[in-house]
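Comments concern the structure below.
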Amino acid sequence: MDQSEKLKLRQEKLAKWKKQKQEQSQQQPPPQQAKDGSLANERLKRLEAWKKKKEKEKEKQVHQIKKNAPDQSQSSTSKSKKKTRNSKKRSAFGLSDEESNDELPIPKIFKPNDDEVEQEVSTNETGDIESDSDPLEEYIQQLNKRNNGQSTAISIPIEEDGSDTPSSVEEDEESDDDNNFGEFSSLNKNKKRIKPIDYSQVSDLIVLNKSLYREPNELSMMSEKEVGELRMSMDNIKVYGKDCPKPVTKWSQLGLSSDIMELITEELQFVTLTPIQSQAIPAIMLGRDVIGISKTGSGKTIAFLLPLVRQIKAQPPLRPGETGPIGLILTPTRELAVQIQEEMLKFSKGSNISSICCVGGSELKQQIAQVKKGVDVIVATPGRFIDLMTLNSGHLLSPTRISFVVMDEADRLFDLGFGPQVKQIMGCIRPDKQCVLFSATFPTKLKKFASHTLNDPIQISINSKSLINDNIEQRVQIFDEEHVKFEFLLKKLSDRFILHQDEDEKTIIFVSSQQLCDLLYDELLLNGITTFAIHAGKPSAERLQNLQKFKDTPNGILICTEVLSRGLNVPEVSLVIVYNAAKTVAQYVHTVGRTGRGINNGVALTFLMVDELASAYILVKCMKEKELSSLPMEVYQKLKEMNDEFSKGLKTGKYRLIQGFGGKGLEHLDELNESKHSQELREYGAEQNDEDDTQQEDRTLTKLEYVRGKKEEGNNVTYYAHININDLPQLARWEATKTETISSIKQETGCNFENKGRFYPEGHAPQSDADEPKLTLIVESNNETDISLALELLEVKVKEGVHKMAIKDMQSGKYRI
1 MDQSEKLKLR QEKLAKWKKQ KQEQSQQQPP PQQAKDGSLA NERLKRLEAW
51 KKKKEKEKEK QVHQIKKNAP DQSQSSTSKS KKKTRNSKKR SAFGLSDEES
101 NDELPIPKIF KPNDDEVEQE VSTNETGDIE SDSDPLEEYI QQLNKRNNGQ
151 STAISIPIEE DGSDTPSSVE EDEESDDDNN FGEFSSLNKN KKRIKPIDYS
201 QVSDLIVLNK SLYREPNELS MMSEKEVGEL RMSMDNIKVY GKDCPKPVTK
251 WSQLGLSSDI MELITEELQF VTLTPIQSQA IPAIMLGRDV IGISKTGSGK
301 TIAFLLPLVR QIKAQPPLRP GETGPIGLIL TPTRELAVQI QEEMLKFSKG
351 SNISSICCVG GSELKQQIAQ VKKGVDVIVA TPGRFIDLMT LNSGHLLSPT
401 RISFVVMDEA DRLFDLGFGP QVKQIMGCIR PDKQCVLFSA TFPTKLKKFA
451 SHTLNDPIQI SINSKSLIND NIEQRVQIFD EEHVKFEFLL KKLSDRFILH
501 QDEDEKTIIF VSSQQLCDLL YDELLLNGIT TFAIHAGKPS AERLQNLQKF
551 KDTPNGILIC TEVLSRGLNV PEVSLVIVYN AAKTVAQYVH TVGRTGRGIN
601 NGVALTFLMV DELASAYILV KCMKEKELSS LPMEVYQKLK EMNDEFSKGL
651 KTGKYRLIQG FGGKGLEHLD ELNESKHSQE LREYGAEQND EDDTQQEDRT
701 LTKLEYVRGK KEEGNNVTYY AHININDLPQ LARWEATKTE TISSIKQETG
751 CNFENKGRFY PEGHAPQSDA DEPKLTLIVE SNNETDISLA LELLEVKVKE
801 GVHKMAIKDM QSGKYRI
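In case it helps, full-length UniProt numbering puts the sequence shown at residues 1 to 817.
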């Protein structure tokens with residue numbers, strides 16, 4: 001078939017296609033006209049005007065090409081240039097034989113308009129296309145398959161602002177491309193990334209005045225010894241960092257405004273400051289970065305909201321066009337964010353400070369509208385804040401005014417897998433910001449983040465010896481079977497309802513999974529007990545609605561997972577039932593901390609199965625002596641047996657206490673995998689140790705050498721242990737003294753650790769009293785039991801170091817089997 005016959009065949013097919021399109025268009029009116037005739041007519045007119053304009057532009061382009069075309073002797077060069085200019089249009093139909101299929105693949109779906117078809121035909125007349133296959137015929141076949149007898153009228157993309165005239169030909173083609181390949185677009189979405197900001201190039205940054213506290217005369221006259229005694233009397237405040245201000249004892253010493261003072265003393269009726277408030281508020285108002293570690297229900301929210309409001313008032317207000325915010329509060333859960341927003345509204349009442357709560361599952365459109373007006377404070381979860389930061393190519397919200405960042409329940413933020421998002425957010429905020437972290441526990445993972453992000457921070461720990469609030473009475477009940485545990489729960493709730501029917505004594509039941517939460521809810525409902533259920537699998541609106549119903553219902557009962565173990569503040573909760581025992585210390589601390597809020601008292605009742613040895617170990621360590629002695633004798637003996645069995649397993653390596661919180665973050669999963677891998681290696685090494693005399697000798701080194709005693713200073717008694725770590729094997733010494741080990745044991749026992757002396761190699765020792773002593777680890781505590789526990793845990797770590805050394809020796813070929 002020669003070229004003229006091919007061209008004739010193409011023209012016939014094109015005429016047939018146009019006729020089919022015209023017939024189908026006449027059978028079905030345009031969609032816009034069916035909905036609104038006047039609107040459709042107006043849009044059609046604008047469309048016709050746009051088409052005419054487009055045709056004129058193309059005629060000018062063709063005229064310009066012909067005008068600049070070279071002689072016939074350079075026809076091959078002309079064809080090459082022409083193909084380059086029309087590459088975008090020609091890709092809609094395919095390639096000629098002169099083009100390489102490897103350079104430009106043919107799209108699978110085509111959607112040309114009339115002008116594109118006419119231009120292609122005019123191109124074909126020049127004899128450029130020499131192909132056996134007919135792309136136009138393929139397009140018509142695909143169009144018929146896709147429509148399946150429906151209308152083939154091609155819709156024109158309409159922009160969101162109501163304009164249906166594309167700004168350029170390229171935008172129109174991109175829109176069509178999105179329509180054609182929309183089903184694949186979701187597979188290629190990239191993760192949302194905040195655009196980094198080079199603050200060295202930002203010229204209009206507002207100079208921050210973060211130092212807003214002046215020490216009262218009555219505090220400045222106190223000596224260091226008096227300050228130490230004051231901190232000791234305030235629930236044993238521990239301060240780490242340089243130049244920490246002295247703790248205040250009265251609200252009037254903070255220099256607060258009259259409206260804030262009236263709110264605190266009259267409406268909220270806060271007569272005195274809690275220990276964390278006494279030390280943290282002046283430190284934050286001084287402009288320092290602060291890490292606050294305190295018990296649950298100790299007033300940490302007020303400790304960061306007061307300085308935040310003070311700093312916002314001291315800064316210039318948002319200028320026209322600025323969206324803010326000035327303050328940013330990040331939380332791990334939606335419920336905690338809503339609760340902080342409620343407190344924020346109390347402190348901003350009567351002022352020009354505006355705030356908004358932005359969490360996942362809520363209406364994004366309303367949040368965008370409010371942000372456009374400008375907000376001073378945003379309380380958000382990390383994911384939703386990144387959504388706001390990336391909207392409109394990053395132009396909706398600017399971080400250049402953020403000067404105060406709060407991370408509440410900071411440890412849980414990282415445990416839930418928010419670590420990369422938090423780091424991304426912090427990386428885009430101005431470097432001279434003030435950052436405050438608050439939590440009831442401070443794991444190593446958070447300490448690493450703080451050391452890289454915070455600027456010379458002050459760490460404030462309140463009563464590190466005991467993480468459980470003194471207002472909480474801890475109890476435990478042990479069961480052999482699950483159905484017995486459920487029956488006991490039914491009886492407990494029924495008796496409690498009868499006992500407090502004229503009062504408002506609320507109950508929270510914590511379970512381990514979403515499935516169990518729903519199952520327990522149904523079972524209690526079948527037994528005539530109405531409850532409210534909340535877990536991460538429920539929609540956000542339902543979660544907030546159930547939480548509000550729980551607060552409004554007298555003697556309400558709430559069933560929830562660990563998602564509500566952080567920050568939830570309902571003062572009427574007098575009983576927390578841990579239906580599935582906690583697997584970690586931090587989880588237990590935060591779970592039972594939902595009761596005994598503020599000055600109120602509460603009871604934490606844990607249901608324990610006989611095989612949950614690790615949970616029994618945690619309970620014995622967290623419960624006070626008087627609480628253990630008040631247990632029924634049968635329960636106390638069984639609990640002690642379970643604790644002793646787990647303690648022995650810890651020493652031999654049979655059991656391992658889970659570190660962390662049990663979240664689902666990727667980092668947590670990696671830690672579990674590494675832990676499992678290390679456990680397998682240790683087991684393998686232990687098997688070889690039984691058969692090797694040299695390694696058997698190394699195992700005797702796991703017995704720590706230490707000297708114990710006590711110091712008495714007045715009424716204060718301090719117990720100590722001086723541990724000789726200089727003579728331990730190298731890996732064992734490293735394992736015992738590394739930061740992760742010290743931090744975990746300190747968290748478990750509340751003891752203080754200090755290194756003294758220097759390392760002496762084998763065969764060397766101090767020659768005189770003037771020389772530094774051998775490397776010694778000093779452990780101190782106010783409780784002798786804590787010293788014993790710390791020594792046990794340290795022995796376990798030393799043993800791990802010895803096993804690692806043995807495995808390393810085997811891998812190096814030092815020992816052969």
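Quick reminder that beta carbons are idealized off the backbone N, C-alpha and C, glycines included. Since the model is a prediction, treat every value here as computed from it, not as a measurement.
*Among residues of its own chain, excluding the 5 on either side of K711, which ones have a beta-carbon nearer than 6 Å to its beta-carbon?*
The answer, listed in chain order, is T718.
_Endpoints, beta strand (DSSP E) assigned at L777_ = For L777, the enclosing beta strand (DSSP E) begins and ends at T776 to S781.
*For L619, is the classification buried or exposed, using 16 other Cβ atoms within 10 angstroms of its Cβ as the cut-off for buried?*
Buried.
*asked:* So, with DSSP's three-state summary, where would you put A536?
replied: In this structure, A536 counts as coil in the three-state DSSP scheme.
*Buried or exposed: where does P166 fall if 16 or more other Cβ atoms within 10 Å of its Cβ makes it buried?*
The pLDDT assigned to P166 is 33, lower than 50, so where the model puts this residue is not dependable, and the model offers no usable value.
_Whole-number beta carbon distance between Q434 and F404, since they are thought to touch under 8 Å_ = At roughly 5 Å, the Cβ-Cβ gap stays under 8 Å, so F404 and Q434 are in contact.
*Tell whether a beta-carbon distance below 8 Å holds between N555 and K624.*
Not in contact: N555 and K624 (Cβ atoms no closer than 8 Å).
*Alpha carbon to alpha carbon, how far is A410 from L446?*
If you take the alpha carbons of A410 and L446, they lie about 7 Å apart.
*Give me whichever residues DSSP pairs with R758 in a beta bridge.*
According to the DSSP secondary-structure assignment, R758 is paired through a beta bridge with K774.
*If you scan the segment 260-291 from start to end, which runs of the alpha helix (DSSP H) of 4 or more residues do you find wholly inside it?*
If you keep only unbroken alpha helix (DSSP H) runs of at least 4 residues inside the segment 260-291, you get 275-285.
_Using a 10 Å radius around the Cβ and a threshold of 16 neighbouring Cβ atoms, would you call R543 buried or exposed?_
Buried.
*Note down, in chain order, each residue of its chain lying with its Cβ closer than 6 Å to the Cβ of L14, except the 5 sequence neighbours on either side.*
Residues of the same chain with a CB within less than 6 Å of the CB of L14, apart from the 5 flanking positions on each side, do not exist.
*Along the chain, where does the alpha helix (DSSP H) that runs through V377 open and close?*
Segment V377 to A380 is the beta strand (DSSP E) holding V377; no alpha helix (DSSP H) there.
_Quick check: is any heavy atom of the ligand MN less than 7 Å from the C-beta of T530?_
Of ligands this structure carries none, so the ligand MN is not represented either.
*Rounded to whole angstroms, what's the CA-CA distance from A440 to P766? Just pull it up for me.*
Between A440 and P766, the C-alpha separation is close to 43 Å.
*Between L397, V436, T390 and I386, which lies nearest to F418 when the distance is taken from Cα to Cα?*
Nearest of L397, V436, T390 and I386 to F418, Cα basis: I386.
_Using only CA atoms, which one of K45, N569 and Q477 lies nearest to E634?_
Put simply, of K45, N569 and Q477 the residue whose alpha carbon is nearest the alpha carbon of E634 is Q477.
*Can you check whether the CB of K774 is closer than 8 Å to the CB of G757?*
Remark: C-beta atoms of G757 and K774 approach each other more closely than 8 Å.
*Note down, in chain order, each residue of its chain lying with its Cβ closer than 6 Å to the Cβ of I293, except the 5 sequence neighbours on either side.*
F442 and S461, listed in sequence order.
_On a Cα-Cα basis, can you pick out the residue from K373, S513, K19 and V338 that is closest to S362?_
Per the Cα distances, V338.
*Rounded to whole angstroms, how far is the Cβ of I534 from the Cβ of N546, which I believe are closer than 8 Å?*
I534 to N546, Cβ: 5 Å. Contact.
*asked:* If you measure between the beta carbons of P282 and L254, is that distance less than 8 Å?
replied: At a Cβ-Cβ threshold of 8 Å, P282 and L254 count as neighbours.
*Hey, could you find the ends of the beta strand (DSSP E) V708 is sitting in?*
Here residue 708 turns out to be Arg, not Val, going by the sequence shown. For R708, the uninterrupted beta strand (DSSP E) run begins and ends at E705 to E713, by DSSP.
*Cα separation between E705 and I723?*
Using only the alpha carbons, I get a separation of about 6 Å.
_By the DSSP assignment, the alpha helix (DSSP H) with I742 in it spans what residues?_
Looking at the DSSP string, the run of the alpha helix (DSSP H) that includes I742 is T739 to T749.
*asked:* Going by beta-carbon coordinates alone, are L397 and V371 separated by less than 8 Å?
replied: The Cβ atoms of L397 and V371 sit closer than 8 Å to each other.
*Looking at the structure shown, is A721 part of a helix, part of a strand, or coil, going by DSSP?*
Three-state result, A721: strand.
*For E330, which residues does DSSP report across the bridge?*
For the record, residue 330 in the displayed sequence is Leu; it is not Glu. Paired residue(s): A380 and M407.
*Going by the CB atoms, is the gap between L789 and T749 shorter than 8 Å?*
Result yes, Cβ atoms of T749 and L789 sit closer than 8 Å.
_DSSP beta-bridge partners of N716_ = For N716, DSSP records a beta bridge to E713.
_Between which two residues does the alpha helix (DSSP H) holding C622 run?_
For C622, the enclosing alpha helix (DSSP H) covers residues L613 to C622.
*asked:* Distance check for G649 and V406, CA to CA, integer angstroms please.
replied: V406 and G649 have their C-alpha atoms some 41 Å from each other.
*Can you give the Cα-Cα distance for I353 and V202, rounded to whole angstroms?*
Counting only the Cα atoms, V202 lies some 25 Å from I353.
*Between the Cα of V379 and those of P332, R412, E23 and T249, spot the shortest distance and give me the residue it belongs to.*
The residue among P332, R412, E23 and T249 with its C-alpha nearest the C-alpha of V379 is P332.
*Pull up the distance between the alpha-carbon of I312 and that of I468, whole angstroms please.*
Their backbone Cα atoms lie some 34 Å apart in a straight line.
*Distance, Cα to Cα, Y199 vs M426?*
Between Y199 and M426, the alpha-carbon positions lie close to 13 Å from each other.
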